[in-house]
Every structure is written in structure tokens, then in C-alpha cells.
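Here the structure is laid out as C-alpha cells; the discussion comes afterwards.
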Amino acid sequence: VLLLGCVSGFAQSPVNQWVLSPENIDITTVKDLSGNEDGLLHGRMVPVQNPPALYFDGADTYIELAGKDEAKTLPTGKLTAEAWVAVNSPAEWGGIVGCLQDNGSFEKGWVLGYNNDKFNFALSTGGDLTYLNASTSFETGRWYHVVGTYNGS
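If you use UniProt numbering, the sequence shown corresponds to residues 1 to 153, in order.
Next comes the structure, spelled out in C-alpha cells:
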């Protein structure tokens, strides 16, 4: 998975914005351009030059944006999450960006992701996640701008 991303909570400017280009990344972190919450890099990510992005292996590479209950700037009501992404190997329940708790039968939070070859956006305040699935399949290796929006009700 190749990823560029940001998250916003219906603000004039983004609540969080992570642009995964070389000038915003050091050895262990990706800078939050809003100044709110830098992300911690896990695994060996490969920089991509055109467009500037990071390659995630889909298994052991990820960016941790907050610890257990430390998500101070992540939205809890209205939200819009968006990312530029190219999926090279579709998988079941692939996540692009999200903030969620998944304890089997109890799920809470949100995630912008994909299931096999279709992008989706999932949301729950308790119980099961509600998934909104794209009606068309994406092409592997092609860049897409994906967006999930929730109005808070």
C-alpha cells in the first residue's frame, strides 16, 4: 500500500494533516503539519519518489498516531478522513487511516479502508461497525483520492 493522508474534523483547517513526503519524515516520526500530533513510524517503510509517498508492506509497517487513550486531537463527532492511496495487493479488511477499538463483537470508532478490491468507510459508536462500500472496484497500483465523511448523526 502506498499512502498519503490527512484527517479533519470539519474545521476551517485540518485538525491533523500528515503528508508522507521526505521533508516531513525523519527516522522515527512523520510530522503533523497542523502541529497537533506527529505519528510514530513502525517497521521499514520504503520512500517512493513520484509522487512523494511511503510504501507500506501490509503486514508489519504502520504509523501509530496515538496510544491507548491519548487521541486528544482525533475527532469524536463530525469527521472527514481522506487519503491518496495506491493499493498494490488487495486484502480483506485493509485499513488506510482510522481510530478504532475492535474486541470481536464490540467495535467502536471509524476507519477509511478497503475490503478486497473496494474502498470503504466504517463507523460505530458501540456494537458492530457500519460499512459504506464503494460500488466499483479499484485497479491495483493506481492512485485514488479516497474520502469518508460523517456528519455526526
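Yeah, the Cβ is synthetic: ideal placement off N, Cα and C, and Gly gets one too.
- If you check the CB distance, N120 and G109 do not come in under 9 Å.
- At least 9 Å separates the beta-carbon of E82 from that of G152.
- Bounds of any beta strand (DSSP E) do not take in F56, whose DSSP letter is neither H nor E.
- With a beta-carbon spacing of about 4 Å, G43 and D60 fall inside the 8 Å limit used to define contacts.
- Per DSSP, reduced to three states, the secondary structure at P47 is strand.
- Pairing W84 with H145, the inter-Cα distance amounts to about 4 Å.
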